[in-house]
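The structure appears right after this line, and notes come after that.
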Amino acid sequence: MRRGHLYKQAQLLGCNKIALGHHYDDVIETTMLSLLYGGEFKTMMPKLHSRNYEGMELIRPFYLVREEQVKSFVARFGIPVMTCACRVTQREDGGKRKQVKQLIKDMKKSIPLVESSIFSSAQKVSLGAVLGWRKRDEGPFTSFLDVYGQDEG
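Taking the numbering used here, the leading residue of the sequence shown gets 1, the next gets one more, and so forth.
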């Protein structure tokens with residue numbers, strides 16, 4: 001609902017893009033949330049065309065910026081921060097995202113490059129080594145069995 005409101009307001013203002021503040025750490029956390037809790041491999045994209053608002057595009061300019069860099073910049077220049085209005089993040093336990101954030105932090109102790117490994121895994125998907133895929137979230141599912149043996153000659 002909040003995203004729809006943003007799109008409507010952007011259109012009223014004559015804008016064709018909405019910039020969100022998601023950063024690198026949000027991307028890897030979302031990838032892990034999808035894998036661990038959603039049972040699928042997908043990530044947060046750096047830019048998307050709106051399906052419901054023609055001509056509108058969503059962009060994430062901080063996609064490659066680490067959370068600590070954002071926090072440091074905000075503190076250095078005294079920029080006011082708006083906390084997330086999401087009910088999930090306001091829960092005492094912080095929800096699944098907080099758990100995944102801690103899991104990544106724990107894994108970093110034994111796998112120093114874990115964040116970059118998670119991030120780059122979304123860029124290096126080999127369709128020949130996965131059991132199934134969709135081209136779009138709502139698109140048809142393709143099983144490896146549907147194409148098995150087609151490349152063999």
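Glycine included, each C-beta is placed from N, C-alpha and C at the ideal position.
- Figure out for me which residue from K8, P46, L36, S72 has the closest Cα to the Cα of I104. The residue with the shortest Cα to Cα distance from I104 is L36.
- Message: Assuming contact is defined by CB atoms lying nearer than 8 Å, are Y7 and S34 in contact in what I supplied?
- Response: In this structure, S34 does not lie closer than 8 Å to Y7 by Cβ.
- Run the CB neighbour count on Y24, radius 10 Å, all protein chains shown included, and call it buried at 16 or more, exposed below. So Y24 ends up on the buried side.
- Message: Can you give me the C-alpha to C-alpha distance between L113 and D106, rounded to a whole angstrom?
- Response: Here the alpha carbon of L113 sits roughly 12 Å from the alpha carbon of D106.
- Mind checking who S143 pairs with in its DSSP beta bridge? Its beta-bridge partners are G132.
- Message: Measuring straight from C-alpha to C-alpha, what distance separates V74 and K47?
- Response: So the two alpha carbons sit approximately 23 Å from each other.
- Which listed residue (G55, E54, L20, S126) has its alpha carbon closest to that of M44: Distances from the CA of M44 to each of G55, E54, L20, S126 were compared; the closest alpha carbon is that of L20.
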